[in-house]
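Converting from the sequence shown to our numbering requires adding 160 to each position, the first position being numbered 1.
Using N, Cα and C, we set each Cβ at its ideal position, and we do this for glycine too.
For reference, the structure is listed below as C-alpha cells.
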Amino acid sequence: MTTTATPTSYIGQALSRVDGRAKVTGEATYAAEFDPGPRTAHGVIVGSAIAKGRITEIDTTAAGSAPGVIAVLTHLNAPELPYQQHKSLVDAQDGERIHVLQDDRVVHLGQAIALVVADTFENATHAAALVHASYAEEPAATSFEDAAARALPPGPGNAKSGQPGDTRRGDPDGALQTAAVTIDAEYVVAREDHNPIELHATTAAWDAGTLTVWDKTQWVSNTRAELAATFGIPPENVRVISPFVGGAFGSALRVWPHTTLAAMAALHTDRPVKVVLTRRQMFPLTGYRPHTEQRVVLGADRGGHLVAIRHEGTAETSTYEQYAENLLGPTRFLYGCPNVATRYRLAELNVNTPCAMRAPGEISGIFALESAMDELAEALGIDPVELRLRNDADRDLDRDLPFSSRSLRECLTVAGQRFGWDDRDPRIGSMRDEQGRLIGFGCSSATYPVYNFPASARAIVHPDGTAVVSSATSDMGPGTYTSMTQVAAETLGLPIEQVRFELGDANLPEAPPHGGSATMGGVGSAVHAACAAARGQALEQAGETSSHADLTEVMSRLGHSVEAGGDYRPGEDTARYSMHEYGAVFAEVAVDPDLGLVRVPRVVAAFGGGRIVNPKTAHSQAIGGMVLGIGMALLEHTAVDPRDGHVINATLADYLVPVNADIGELDPVFIDEDDPHVNPLGVKGIAEIAAIGAAPAITNAIHHATGLRMRTLPITPEMLL
Ligand code: MOS
161 MTTTATPTSY IGQALSRVDG RAKVTGEATY AAEFDPGPRT AHGVIVGSAI
211 AKGRITEIDT TAAGSAPGVI AVLTHLNAPE LPYQQHKSLV DAQDGERIHV
261 LQDDRVVHLG QAIALVVADT FENATHAAAL VHASYAEEPA ATSFEDAAAR
311 ALPPGPGNAK SGQPGDTRRG DPDGALQTAA VTIDAEYVVA REDHNPIELH
361 ATTAAWDAGT LTVWDKTQWV SNTRAELAAT FGIPPENVRV ISPFVGGAFG
411 SALRVWPHTT LAAMAALHTD RPVKVVLTRR QMFPLTGYRP HTEQRVVLGA
461 DRGGHLVAIR HEGTAETSTY EQYAENLLGP TRFLYGCPNV ATRYRLAELN
511 VNTPCAMRAP GEISGIFALE SAMDELAEAL GIDPVELRLR NDADRDLDRD
561 LPFSSRSLRE CLTVAGQRFG WDDRDPRIGS MRDEQGRLIG FGCSSATYPV
611 YNFPASARAI VHPDGTAVVS SATSDMGPGT YTSMTQVAAE TLGLPIEQVR
661 FELGDANLPE APPHGGSATM GGVGSAVHAA CAAARGQALE QAGETSSHAD
711 LTEVMSRLGH SVEAGGDYRP GEDTARYSMH EYGAVFAEVA VDPDLGLVRV
761 PRVVAAFGGG RIVNPKTAHS QAIGGMVLGI GMALLEHTAV DPRDGHVINA
811 TLADYLVPVN ADIGELDPVF IDEDDPHVNP LGVKGIAEIA AIGAAPAITN
861 AIHHATGLRM RTLPITPEML L
C-alpha cells in the first residue's frame with residue numbers, strides 16, 4: 161500500500177473497538193429496537209403445520225377479533241406483489257424464492273402462511289395461535305437417504321459458487337488401481353443453524369411510496385434491490401438501515417420472508433410494522449448449514465505422495481431453490497496431486513433452503529479431506545504433519561495458476577512448533593493425564609478462497625479536521641467500524657479520534673456482501689482510495705506542496721470541506737493468480753474412557769490471512785472461529801424429525817453450542833504474509849479460515865487418544881463407548 165508518510169500510523173495496531181462503548185452501554189441500536197413512532201404495529205408469523213401440500217381453508221375469524229388485532233394477512237387478502245426477477249451475488253440460487261402469501265402452496269414445515277398484525281407483540285402472538293388452517297397434504301420428501309438416492313448436480317445459475325457437479329483431472333481411477341495404499345471412508349456433517357444471539361428482525365414503514373426498513377442484514381444494498389424488485393418500485397425509493405448486527409454468520413446475507421412480510425403489512429395497514437422472529441421461528445424462516453454426506457478415496461505411493469483423490473459429497477437443499485456451496489473446491493487444489501475427481505450432488509427435500517454459514521462448504525469438505533489424510537498417514541506410518549508437507553503444492557493444479565502467496569507449509573511448521581507436536585507419542589492410547597483420561601494430539605490443514613468484490617467509499621474532511629468516511633457495508637461482529645477507521649485515519653493522516661466511519665445504510669456508497677471474509681480487502685481498499693483522494697484534494701486546494709503536511713492544519717487553512725469518493729475494483733491479478741488463505745490447526749483432546757466425554761484443553765492454530773489490520777479484533781475473530789469448529793466437532797446439530805422436517809431442538813437450551821466451560825486454551829497466531837496481488841491493502845481475510853480445521857484436528861486427536869475414527873459430526877459420548 162502506498163500511504164503518504166504521516167505521524168499517525170494505525171494499521172496493524174491492536175486498538176479496542178471504536179463502537180465498544182456503544183455496544184456495552186446499550187446505545188447501539190439493533191433492528192428490533194428502532195421505533196418509528198407510536199403507531200408502530202407488531203407482526204407475528206403463523207407457520208404451516210405440514211411440509212407439503214395446499215391450504216384448503218384458513219380461518220382468521222377468531223384471530224381477527226382478538227384484542228388489539230389490526231389485520232390478519234393470508235394468501236387470500238395479501239396484496240399481490242410483482243416479485244420482479246432479482247438475482248444477486250450470493251442469494252442467486254437456482255430456482256424460485258418463496259413468494260410470501262401469494263398462493264396456497266406449502267413447500268416446507270413452518271413456511272409463513274399468515275401474518276397477524278396487532279398493537280403489541282403479545283396480542284399478535286396470542287391471535288396468531290387462533291389462526292386455523294386446513295390442508296390438502298401431499299407426500300413430502302423429508303428423508304435425506306431417499307432424497308440422496310435421487311440427488312442431482314447443481315444447476316448452472318449459482319452465481320457465487322458456480323459449483324460444478326463433476327470434475328476430473330488426470331486419471332484418478334487408474335492411479336487408484338496402482339496406488340500402494342488407499343483409504344476409502346465416508347463422513348457425515350450434521351445440519352447446523354446459525355443461532356446468532358440477536359434475533360432476525362425487520363421494522364418497515366412507508367411514506368408516500370417510499371419504503372424504509374430497519375433490518376438485520378449483512379448487505380443493505382441487496383436488501384434494497386430485492387425489496388425494490390419484490391414491490392416493483394425503484395431502488396432509490398427503498399432505504400435500508402442496519403447500523404449494528406448482533407451476529408449473523410451468513411444468515412443475514414439474503415432477504416428472508418419476514419422482511420417482505422413486514423413491508424407488505426406496513427403497506428396493507430398504512431402503519432409501521434415490526435416483525436421479530438422467535439428463536440424457534442429462525443430455524444424454518446432463515447437458512448442453515450446443510451447436512452452433508454461425503455466419501456473420500458485417497459491413493460498414495462509408499463513415500464506418502466498422493467497419487468489420486470476422489471471426493472464425493474451430497475448436501476441437502478430445498479425443493480424450490482438449489483443452494484450449492486464450495487464443499488469440494490479445497491480438495492481440487494490444496495495438495496499437489498495429479499489425479500483428482502470430485503462429484504457434488506444436491507438432495508432436494510421439503511425443507512427451507514439452506515444458506516451460507518461461516519466457511520460455507522469448505523469447513524465440511526475440509527473435515528472429510530483432512531480426516532482421510534489422517535487415516536492415510538496412519539496407513540502409511542508417516543507423521544500426519546510430514547504427510548501434509550510432502551504433498552504441498554507449488555501451483556494450483558485445478559486452475560493451472562500460480563498462487564498469489566502460499567503459506568500452508570509455514571502455518572503447519574509454526575503452529576506445530578507452538579503446539580509441541582514433537583512431544584506426541586504416535587502410538588494410539590499412549591498418552592494419559594493425571595486423571596487417567598486418554599490424551600490425543602491431532603492436526604489439520606485449512607484453506608479458504610480470497611474473494612474480491614467491488615466496493616465504493618466516500619470521505620468528507622471538514623475545516624475543523626474531523627472526517628466522516630462511509631460505505632454501505634456492515635459489521636456483524638468482526639470490528640468493521642474499528643478497522644475501517646484505522647485505515648481511514650492512517651490514510652488521511654488524521655488522529656483517529658477525529659475520524660468517524662459510517663456503515664449500514666443503503667444510501668451510502670455501494671458495498672458488497674459483508675461475507676466471504678471479503679470486507680476488509682474490498683471495502684478497506686475503497687476506504688483507502690477515498691481517503692487518499694480526499695487528502696490529495698485538500699493538499700492541492702490549499703496549495704500545500706509537502707506530502708507530509710498535517711491535515712488538521714491544512715483543513716483549518718483551507719476553511720471549507722473536501723469530499724472524495726474511492727472505488728475498489730478487482731484487478732487483473734484476480735484472474736492471473738490463485739488466491740487463498742491457509743491455516744494449520746493442532747488440537748489436544750482428553751477423552752474420559754468410562755464416560756465417553758471429550759474435552760479440548762487446547763487448540764493452537766496458525767493462519768495466513770494476509771496483512772492484519774488490527775491484531776486485537778483479528779484475535780477475537782480467530783478464537784470465535786475456533787470455538788465454532790469445536791462446536792461443529794462436539795455439539796452443534798439441528799435435529800430434524802424425518803417424518804415432516806420438524807426441528808426438534810429449535811431453542812437455545814436444546815441446540816448446543818460451546819459455552820465458556822467447554823473451551824480451554826485457544827492460541828491462534830497470524831503469520832506474516834505479504835501478498836502484493838490480492839488487493840491494494842494486502843488483506844486476505846480471516847473470518848472463515850479461522851473456523852476451518854478445528855473439527856478434523858479434534859477427530860484426529862480422538863483417534864490418537866482412543867483408536868476410534870469419528871466420521872460423523874457432532875461426536876456424542878455414546879459414539880466413544
Ligand atoms: Mo459469511 S458465511 O461469508 O457471512
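Please determine whether the Cβ atom of residue i lies at a distance below 7 Å from any heavy atom of the ligand MOS.
i      : result
Arg900 : Nothing about residue 900 can be reported from this structure: the residues present for the chain run from 161 to 881 only.
Leu488 : no
Phe409 : yes
Pro520 : yes
Leu413 : yes
Ala188 : no
Glu352 : no
Gln262 : no
Met517 : yes
Gln378 : yes
Glu358 : no
Glu848 : yes
Gly676 : yes
Measuring CB to CB, does residue i end up less than 8 Å from residue j?
i      : j      : result
Val764 : Ala575 : yes
Val621 : Ala627 : yes
Ala328 : Ala460 : Note on identity: in this sequence residue 328 is Arg, with Ala being the wrong assignment. No, the pair does not count as a contact, with Cβ atoms beyond the cut-off.
Thr363 : Pro562 : no
Pro655 : Thr168 : yes
Asn901 : Thr370 : Because residue 901 is not part of the residues shown, which for the chain are 161 to 881, the question remains open.
Val773 : Gly684 : yes
Leu598 : Val751 : yes
Phe613 : Gly682 : yes
Gly789 : Tyr480 : no
Val260 : Pro417 : yes
Lys212 : Val291 : no
Pro638 : Thr777 : yes
Ile849 : Ser738 : no
Ala606 : Ala747 : no
Glu741 : Tyr608 : yes
Ala854 : Val745 : yes
Val456 : Ala340 : no
Leaving out five residues on either side along the sequence, give the residues of the same chain with a beta carbon under 7 Å from the beta carbon of residue i.
i      : result
Ser524 : Val349, Thr452, Leu487
Val545 : Leu572, Gly576, Trp581, Cys603
Asp413 : Before going on, a small fix: residue 413 reads as Leu here, not Asp. Within the same chain, Leu413 has close Cβ partners Val250, Asp251, Gln378, Trp379, Cys515, Ala516, Pro673, Gly675.
Thr162 : The predicted position of Thr162 is uncertain, since its pLDDT is 43 and thus under 50; a value taken from the coordinates is nonetheless stated next. Cβ within range, chain order: n/a, list empty.
Between residue i and the rest of its own chain, which residues show a CB-CB distance below 6 Å, the 5 nearest in sequence each way excluded?
i      : result
Thr872 : Val348
Val415 : Thr383, Glu386
Thr734 : Asn612
Ala223 : Val232, Val276, Ala287, Leu290, Val291
Is DSSP giving residue i helix, strand or coil here?
i      : result
Met591 : strand
Thr502 : strand
Lys320 : With a pLDDT of only 48 at Lys320, under the threshold of 50, the placement of this residue in the model should not be trusted; the figure read from the coordinates follows. Residue state, collapsed to three classes: coil.
Gln378 : coil
Ala750 : strand
Gly224 : helix
Trp416 : coil
Gly452 : At residue 452 the sequence reads Thr, which differs from the Gly that was named. DSSP places Thr452 in strand when its eight states are reduced to three.
Phe391 : helix
Cys571 : helix
Leu233 : strand
Ser524 : helix
Phe601 : strand
Thr372 : strand
Lys123 : Since the first residue of the chain shown is 161 and the last is 881, residue 123 is not available in this structure.
Tyr295 : strand
Val763 : strand
Gln482 : strand
Within a Cβ cutoff of 8 Å, which residues of the same chain sit near residue i, ignoring the five residues on either side of it in sequence?
i      : result
Ile808 : Ala799, Val800, Asp801, Asp814
Ala165 : Only weak support is given to the placement of Ala165: the predicted model assigns it a pLDDT of 45, under 50, and the value that follows is read from those uncertain coordinates. Result list for Ala165: Ser707, His708, in chain order.
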